[in-house]
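**Q**
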Amino acid sequence: MATKQKVSVSALGTPEKDGFLTKQGGSIKTWKKRWFVLKGDTLYYFKTQKDPEQTGEIKLEKTTTCTNEAKKKGKVYFAVNTPNRKYLIHADTEESANQWVDKINKAIESLSGGGAKSAPKEEPTKKEEPVKKEESKEESTPTKPAEAETPKTTLNLEKKEDTETPKSGGSGGGAPLTRENKIMAAKNAVPFLQDDDSKVLEFWQIWSESIPESDELAAGTAINYHVSTSANRNKLTWRTSGPQNVLIQKMVDFFWNVGAPESEIDRLNDIGALINPAKIGSWIDMSAKGGMDGGWFFPVEIPVAMAVEAADPGEPTKAVSEWTEKHSIQVAQSVGRDMGAAPPRQTEIRLNLPGNGFNEQLEVGLDAFSAFGFPELPESALSVLKNQNTPSLSLSIITSSEGFVRLGLLCPKPSKQTIKDLCDSSYADVEEFENALSSSGPALVEYQFLKEGFGYGVYKEGFDIVFHYDVDSDA
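Going by my numbering, the first residue of the sequence shown is number 1, and it counts up by one from there.
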């Protein structure tokens, strides 16, 4: 196949037709508004009307067809069907869609000397997920926060109405609690999320509304929830994950709503196309001091080298590559990235630690703290960890272009005594949070260290203990 020749909008001259249309992506099914130009046997598309080169192009062939598709929720769709792919597109009006279908079919007819017939209007051959948003994000790029010292707190928020939810665990009437009910109850157990005028609460609400409803799921599939909290509930992370085809559009809409830059959404598409994960997820961080951050993650096993490619290159990624090679770690359990409005971008890679039993795994984990320039774990915390003596340790590594951000050693299924030993006076806070979740205990305890300068004045820097909970529906 010939290499694609770069061409600008202006270089194409007078086209057969041009205008803005919204196109569905390939591997990752997001929708992007693009400037389309039909010229000869090629349908070019650009991000703007003045781009110096095309974002992509659709080569028309004799076997290509262009068909009207069924309307869905007020949107007018048509498809360009090539031997290799079906390009699904929607126009602003039915008249515009019909004009495009007519012009594209005439271009196809000309390839065979005018003998081909225009393709008839037909119903779609497969169900396409309707787009939820009308407006385009292509014409503007969100600006960076006004105050550089707190870049993680400046977000484009819209006020959402809260619904009445349970204040603590238990269904009251004996009916099983759903994951959604438990998450709402957990939110209501966080003191700094009780202020109706809180920007952090608005952020949580926008994120929660981006999660698909149960009736949008195919039989046998589910949305998974995970929440983690510091012992005093001053810092929390909320995660949700599920099938890519169900989550992707609402997830991207959420990123647009909170001011994520287009470059990072494009990067999500690029990494998604490279990995093509069956499951994807979104996460949000928050703190009592107003910290807010969010991003995506792929909870799937991938080669470490591929996970490293998701991060901004620099000394940290080089160190991670060398360290994983040293310990023969070839597979990552997940990779994720933040979508904040201002750099530096942070990328998290999670790894299972190798070794025959707890002691060998711990030795590898502690070596990471040394190799990546983190302080040793406090002696008191290390003593509790050793007493727990539970194998299947894992590691959370967060990097940025400006250096290592955070390192966490995760140990599964901490006992009640372990939690008490780590919490001291904060144990009552943890117990209250667990009751709200109707949880029997954390799935993981994380011994983590956040480097100086990466707390942005809203997250605790230095050593901390974080408890991770998987949220399940009652049987």
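Just so it is clear, CB atoms sit at the ideal spot from N, CA and C, and this is done for glycine as well.
All values derive from a computational prediction rather than experimental measurement.
Let me check one thing: in DSSP terms, what residues is ARG406 bridge-paired to?
**A** The residue labelled residue 406 in the question sits at position 406 within the sequence shown. Partner(s): ILE398 and LEU450.
**Q** Please report how far the alpha carbon of LEU362 lies from the alpha carbon of ILE280, in whole angstroms.
**A** As a first step, residue 362 is located in the sequence shown; it is residue number 362 there, counting from the start. As a first step, residue 280 is located in the sequence shown; it is residue number 280 there, counting from the start. For LEU362 and ILE280, the distance between alpha carbons rounds to 29 Å.
**Q** Run through DSSP, which three-state label would VAL101 get?
**A** Along the sequence shown, read from residue 1 onward, the residue named residue 101 stands at position 101. VAL101 falls in the helix class under three-state DSSP.
**Q** When you compare only the Cα positions, how much space is there between LYS17 and GLU216?
**A** Here residue 17 refers to the residue found at position 17 when the sequence shown is read from its first residue. Here residue 216 refers to the residue found at position 216 when the sequence shown is read from its first residue. When rounded, the distance between both Cα atoms is 37 Å.
**Q** For a test of the three-state rule: what should DSSP assign to GLU348, helix, strand or coil?
**A** On the sequence shown, residue 348 is found 348 positions in, with the first residue counted as 1. Residue state, collapsed to three classes: strand.
**Q** How about ILE398 and GLN346: do their beta carbons lie closer than 7 Å?
**A** Within the sequence shown, residue 398 is the residue found at index 398, counting from 1. Within the sequence shown, residue 346 is the residue found at index 346, counting from 1. For ILE398 and GLN346, yes; Cβs fall inside 7 Å.
**Q** Please report the straight-line C-alpha distance between GLU461 and TRP238, rounded to a whole angstrom.
**A** Numbered from 1 along the sequence shown, position 461 holds the residue referred to as residue 461. Numbered from 1 along the sequence shown, position 238 holds the residue referred to as residue 238. GLU461 and TRP238: Cα-Cα distance of roughly 20 Å.
**Q** Give me the Cα-Cα distance between LYS86 and VAL80, rounded to the nearest whole angstrom.
**A** Start at 1 with the first residue of the sequence shown, and residue 86 comes out as number 86. Start at 1 with the first residue of the sequence shown, and residue 80 comes out as number 80. Taking the straight line from one Cα to the other gives about 6 Å.
**Q** From the DSSP output, which residues share a beta bridge with ILE265?
**A** Mapped onto the sequence shown, residue 265 falls at position 265. DSSP output for ILE265 lists no bridge partner at all.
**Q** List the DSSP bridge partners of ILE271.
**A** Locating residue 271 in the sequence shown gives position 271, counting from the first residue. In DSSP, ILE271 forms no bridge with anything.
**Q** Give the single residue among ASN269, GLU95, TRP207 and ASP195 whose Cα lies nearest to the Cα of TRP31.
**A** By 1-based counting over the sequence shown, the position of residue 31 is 31. For the residues ASN269, GLU95, TRP207 and ASP195, the minimum Cα distance to TRP31 belongs to ASN269.
**Q** DSSP has TRP323 in a bridge; who is on the other side?
**A** Residue 323 sits at position 323 when you count from the first residue of the sequence shown. For TRP323, which the question treats as bridged, DSSP gives no partner whatsoever.
**Q** Going straight from the alpha carbon of ASN68 to that of TYR45, what length do you get?
**A** Start at 1 with the first residue of the sequence shown, and residue 68 comes out as number 68. Start at 1 with the first residue of the sequence shown, and residue 45 comes out as number 45. Whole-angstrom Cα-Cα distance: 19 Å.
**Q** Between which two residues does the alpha helix (DSSP H) containing VAL246 stretch?
**A** To locate residue 246, count along the sequence shown from 1; it is residue 246. Here the alpha helix (DSSP H) through VAL246 covers 244 to 257.
**Q** Compute the beta-carbon to beta-carbon distance between GLN388 and CYS423, rounded to the nearest angstrom, for a pair I have assumed lies under 8 Å.
**A** Walking along the sequence shown from the start, residue 388 turns up at place 388. Walking along the sequence shown from the start, residue 423 turns up at place 423. With a Cβ gap of about 14 Å, GLN388 and CYS423 do not count as contacting.
**Q** Take the Cβ of ALA97 as the centre, count every other Cβ of all protein chains shown within 10 Å, and call the residue buried at 16 or more, exposed below.
**A** Within the sequence shown, numbered from 1, the residue matching residue 97 stands at position 97. Label assigned to ALA97: buried.
**Q** Within the continuous alpha helix (DSSP H) that includes LEU382, where are the two ends?
**A** On the sequence shown, position 382 is the one that residue 382 refers to. Taken as a continuous stretch (DSSP letters only), the alpha helix (DSSP H) holding LEU382 covers 379 to 388.
**Q** Count the other CB atoms within 10 Å of the CB of LEU393; is the residue buried (16 or more) or exposed (fewer)?
**A** Taking the first residue of the sequence shown as 1, we reach residue 393 at position 393. Flag for LEU393 reads buried.
**Q** Among the residues of its own chain, which have a CB less than 6 Å from the CB of LEU351, if the five just before and after it don't count?
**A** Within the sequence shown, the letter at position 351 stands for residue 351. Excluding sequence neighbours, LEU351 sits near ILE329, ALA332 and LEU395.
**Q** With C-beta atoms as the reference, is SER241 less than 7 Å away from PRO299?
**A** Residue mapping note: residue 241 aligns to position 241 of the sequence shown, counting from 1. Residue mapping note: residue 299 aligns to position 299 of the sequence shown, counting from 1. Taking 7 Å as the Cβ cut-off, SER241 and PRO299 qualify as a contacting pair.
**Q** Among the residues of its own chain, which have a CB less than 6 Å from the CB of TRP288, if the five just before and after it don't count?
**A** In the sequence shown, residue 288 corresponds to position 288, counting from 1. One point to set straight first is that residue 288 is Ala, not Trp, in the sequence displayed. Closer than 6 Å at Cβ, skipping near neighbours: PHE192 and ASN234.
**Q** By how many angstroms is the C-alpha of HIS468 removed from the C-alpha of LEU353?
**A** Position 353 of the sequence shown, counted from the first residue, corresponds to residue 353. Position 468 of the sequence shown, counted from the first residue, corresponds to residue 468. C-alpha separation (whole angstroms): 18 Å.
**Q** Kindly indicate which three-state DSSP category VAL458 falls into: helix, strand or coil?
**A** Counted from its first residue, the sequence shown places residue 458 at position 458. Looking at VAL458 - three-state DSSP - the assignment turns out to be coil, as it is neither helix nor strand.
**Q** With C-beta atoms as the reference, is PRO15 less than 7 Å away from LEU38?
**A** Position 15 of the sequence shown, counted from the start, is the residue given in the question as residue 15. Position 38 of the sequence shown, counted from the start, is the residue given in the question as residue 38. Yes, the pair counts as a contact, with Cβ atoms nearer than the cut-off.
**Q** Name the two residues that bound the continuous beta strand (DSSP E) containing GLU61.
**A** Position 61 of the sequence shown, counted from the start, is the residue given in the question as residue 61. Where GLU61 is concerned, there is no enclosing beta strand (DSSP E), given that its DSSP letter is neither H nor E.
**Q** Under 6 Å Cβ to Cβ from LEU236, same chain only, skipping five residues before and after it: list those, please.
**A** In the sequence shown, residue 236 corresponds to position 236, counting from 1. THR229 and MET286.
**Q** Whether or not the region 445 to 460 and the region 402 to 410 are in contact is what I'm after, with contact meaning three or more pairs of Cβ atoms, one per stretch, closer than 8 Å; do they touch?
**A** Result yes; three or more Cβ-Cβ pairs closer than 8 Å.
**Q** Between which two residues does the alpha helix (DSSP H) holding ASN224 run?
**A** Stepping through the sequence shown from its first residue, residue 224 is reached at position 224. Element bounds for ASN224: not the alpha helix (DSSP H) but the beta strand (DSSP E), 224 to 230.
**Q** Helix, strand or coil for PRO303, going by three-state DSSP, please let me know.
**A** On the sequence shown, residue 303 is found 303 positions in, with the first residue counted as 1. It is a strand residue.
**Q** Pull up the distance between the alpha-carbon of ALA478 and that of GLU95, whole angstroms please.
**A** This structure leaves residue 478 out entirely; the chain is present only between 1 and 475.
**Q** Check ILE183 in the structure and name its three-state DSSP category.
**A** Here residue 183 refers to the residue found at position 183 of the sequence shown. If DSSP states are grouped into helix, strand and coil, ILE183 belongs with the helices.
**Q** Could you check if LEU274 is buried or exposed, using at least 16 other CB atoms within 10 Å of its CB as the buried criterion?
**A** Your numbering for residue 274 matches position 274 in the sequence shown. Answer is exposed; the Cβ neighbour count stays below 16.
**Q** Which word fits ALA428, buried or exposed, when buried means at least 16 other C-beta atoms lie within 10 angstroms of its C-beta?
**A** Taking the first residue of the sequence shown as 1, we reach residue 428 at position 428. ALA428 should be labelled exposed.
**Q** Tell me the residue span of the beta strand (DSSP E) that contains ILE477.
**A** Absent from the model: residue 477. The displayed extent of the chain is 1 to 475, so no value can be given.
**Q** Give every residue of the same chain whose Cβ lies closer than 7 Å to the Cβ of LEU201, excluding the five residues on either side of it in the sequence, and list them in chain order.
**A** For this step, residue 201 is matched to residue 201 along the sequence shown. Closer than 7 Å at Cβ, skipping near neighbours: LEU193 and ASP195.
**Q** Quick one: residues in its chain with C-beta nearer than 8 Å to the C-beta of ASP463, no 5 flanking neighbours on either side, listed in chain order?
**A** What you label residue 463 is simply residue 463 of the sequence shown in a count that begins at 1. Reading the sequence as shown, one finds Phe at residue 463 and not Asp. Counting only Cβ-Cβ distances below 8 Å, and skipping sequence neighbours, we find PRO375, LEU377, PRO378, ALA381, TYR447, GLN448 and PHE449.
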